Amino acid sequence: MALREDFLWGGAIAAHQAEGAWQEGGKGVSCTDVETAGDNVTGAPRRLTDGVLPGEDYPNHVGVDFYHHYKEDVKLFAEMGFKCFRTSIAWTRIFPRGDEDKPNEEGLKFYDDLFDECHKYGIEPVITLSHFEMPWALAKEYGGFTNRSAIDMFVKFAKVCFERYQHKVKYWMTFNEINNQADVNQHNLIQEGAVLLKEGDDAEYLMYLSAHYELVASALAVKAAHDINPDLQVGCMIGMNAVYPASPKPEDVMNALGAMHQKYWYVEVHARGHYPQHILRKFERKGYDFITEEDKVALAAGKVDYIGFSYYMSFATEYHGHNEKTFDYIPEDFVRNTYLKASDWGWQIDPLGLRWALNWFYDRFELPMMIVENGFGAFDKKEADGTVNDQYRIDYLRSHIQAIKDAVDYDGVDLLGYTMWSPIDIVSASTGEYDKRYGFIYVNYNNAHEGDFSRSKKKSFDWYKKVIATNGEDLSD
Ligand code: P53
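Following this line, the structure appears as structure tokens:
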């Protein structure tokens, strides 16, 4: 018997990718509301515009209209037997600009209703506080997390949520994939720390500065949650993609270690309450001196209760002579892993990497874990009779769930639950597409903004239902 009896099976989405209704219920403009769709023909990335501009395509304004469909959707999740449902609270529904003194009651009420709807079916909400959704005013007028005052605004938001929902939500996470910004670019910086780069800015410095303020904000939130209600469990959320050496050549092995250092030090701070030595040495070398004594106290007092992480793929790195001494994270060093197949977006499929990841976290921190995202984005084809035969999604999930069971069974890791991404089709975070679909539930809507948002079941729907009903014992289809 591999998985615990109370294993939290479920699915995960994020407010900005699903809800739409960007101007309803007193909601403010968030950073993702000013991100365009990527260009699906040329492959050009999403762009950040200076406010909401006419003539631009902003898919997050619409999402899949979860704001108005949530009752129908939660009912479908319940039909699959979900024990939990992960989503985020859109910061801008609660504090439309971030700097208000009082929260927006209509926003708070929306999540009360959503959580009640979940509990009606015995589904436990699992909540992310900041999933790429910072108020645009906070980014534009204050500089996002490059400004220390963002810490107070986040903690204020977190406390309002903990107080209001403490009897409806036990499991929380602070910042979604906080470590994505290790790969420094405007898209990652705006999603994580709401950093708006200007000509001549030192992007790397701003990344470390804002990451530090986020980590302090996270620790203060963890402490606040425990003070409000000791039953609350607050985790971090790490985007985990294993980085392997491309060969046994020692430089490749060291390159992989260096990349792991640079991408995963965030979890060390979250879980240990202090910075790892290699990052402190880097700060010393670079003359970064933003960590105060007070910050150190806050970090030590706000260690997370569990580690939440996402897992989609793994990377392999080959040393090309950059950074001879530092072995930094160099995306250009990543090479195709010839042992693995990849999705249509080039994401390499590696179930064993998930077992590796579970062990990597558990060896270091011995904390309970939750896999809060894992899934397969694909171009689904709806047949004339309305069915979607997403066998590739079943195959992906089956192999990953098998790897999880092995990690629990053979390696003894402590795993609380698994929320696949995303049980229903939503807007892609990296490209802003609708046509990169993840769901068990198909949503009739596409990149060209055609469709009526009607929902239907794919083949994988019944498969996942059986997996949950047998607590992961029967993975056959
Ligand atoms: P999409 C990059 C790489 C891996 C996961 O991603 C990532 C990202 C950031 O875009 O994000 C997480 O939709 C994220 C979700 C996101 C999901 O993975 O780009 O937490 O918001 O939708 C899948 O295919």
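Under our numbering, the residues of the sequence shown are numbered 1 to 477, in order.
Note that CB positions come from ideal geometry on N, CA and C, so glycine has one too.
Predicted, not measured: the structure shown is a model, and the values here were computed from it.
Output yes or no for whether 8 angstroms exceeds the beta carbon distance between V304 and V372.
no
Using CA coordinates, which residue listed in L138, D112, E141 and A378 is at the minimum distance from I127?
D112
Using the three-state DSSP reduction, which class does F453 fall into: helix, strand or coil?
coil
Please indicate yes or no: does the CB of S149 lie closer than 7 angstroms to some heavy atom of ligand 1?
no
Would you please state the rounded distance, in angstroms, between the beta carbons of G375 and W421? I believe it to be under 8 angstroms.
4 angstroms
Coarse secondary structure for N241, derived from DSSP in three states:
strand
Simplified DSSP assignment, three categories, for F145:
helix
Beta-carbon proximity of E141 to G26, cut-off 8 angstroms
It is not a contact, given that the beta carbons lie outside the stated cut-off.
Is any non-hydrogen atom of ligand 1 found closer than 7 angstroms to the C-beta of E421, if you look at the structure I gave you?
Here the sequence assigns Trp to residue 421, which means Glu is not the residue at that position. True, at least one ligand heavy atom lies under 7 angstroms from that Cβ.
Would DSSP call S30 helix, strand or coil?
strand
So, at 7 angstroms on beta carbons, what are the nonlocal neighbours of Y288 in its own chain, with the 5 sequence-adjacent residues on each side left out?
Y205 and Y208
Does the region 58 to 76 come close enough to the region 116 to 135 that 3 or more CB-CB pairs lie under 8 angstroms?
yes
So T92 and V29 are in contact, right, with Cβ under 8 angstroms, and what is the actual spacing, rounded?
7 angstroms
Which residues in the same chain as D411 place their Cβ atom closer than 8 angstroms to its Cβ, once the five residues preceding and following it in sequence are excluded?
R355, L358, N359 and Y362
Among D201, E473 and G193, which has the Cα closest to the Cα of E214?
G193
Between H61 and the rest of its own chain, which residues show a CB-CB distance below 7 angstroms, the 5 nearest in sequence each way excluded?
G20, W22 and D33
Are the region 423 to 433 and the region 320 to 337 touching, with three or more C-beta to C-beta distances below 8 angstroms?
no
In angstroms, rounded to a whole number, what distance separates the CA positions of F283 and D202?
14 angstroms
Can you tell me whether DSSP reads P135 as helix, strand or coil?
strand
Count the other C-beta atoms from every protein chain shown that fall within 10 angstroms of the C-beta of N229, then say buried if there are 16 or more, exposed otherwise.
exposed
T292 classed as buried or exposed, judged by whether at least 16 other C-beta atoms fall within 10 angstroms
exposed
CB of W136 within 8 angstroms of CB of Q233, strictly
no
Identity of the residue in F327, P331 and P351 nearest Y311 by Cα
P351
Any idea which residues DSSP pairs R437 with across the strands?
A378
Along the chain, where does the alpha helix (DSSP H) that runs through I307 open and close?
Not the alpha helix (DSSP H): I307 falls in the beta strand (DSSP E), residues Y306 to T317.
How far does the alpha helix (DSSP H) with E124 in it reach, from first residue to last?
Segment E124 to S130 is the beta strand (DSSP E) holding E124; no alpha helix (DSSP H) there.
For the alpha helix (DSSP H) that I371 lies in, which residues bound it at each end?
Run containing I371: none in the alpha helix (DSSP H); it sits in the beta strand (DSSP E), M369 to E373.
N- and C-terminal bounds of the alpha helix (DSSP H) containing A357
P351 to F365
Of the listed residues S218, L475, F82 and I279, nearest to A298 (C-alpha basis)
S218
Compute the minimum distance between the beta carbon of A357 and the heavy atoms of ligand 1, and state whether it is under 7 angstroms.
no
Would the beta-carbon of A14 be found less than 7 angstroms away from any heavy atom of ligand 1?
yes
Terminal residues of the beta strand (DSSP E) in which G419 lies
The sequence given here places Thr at residue 419; Gly does not occur at that position. First-last of the beta strand (DSSP E) with T419: L415 to W421.
Cα separation between A90 and A407?
34 angstroms
For I424, which residues does DSSP report across the bridge?
According to DSSP, I424 bridges with I441.
Suppose you measure from the CA of F461 to the CA of F82; what does that come to, to the nearest Å?
If I take the Cα positions, the gap works out to 12 angstroms.
Within this structure, are the beta carbons of D390 and A403 separated by less than 8 angstroms?
no
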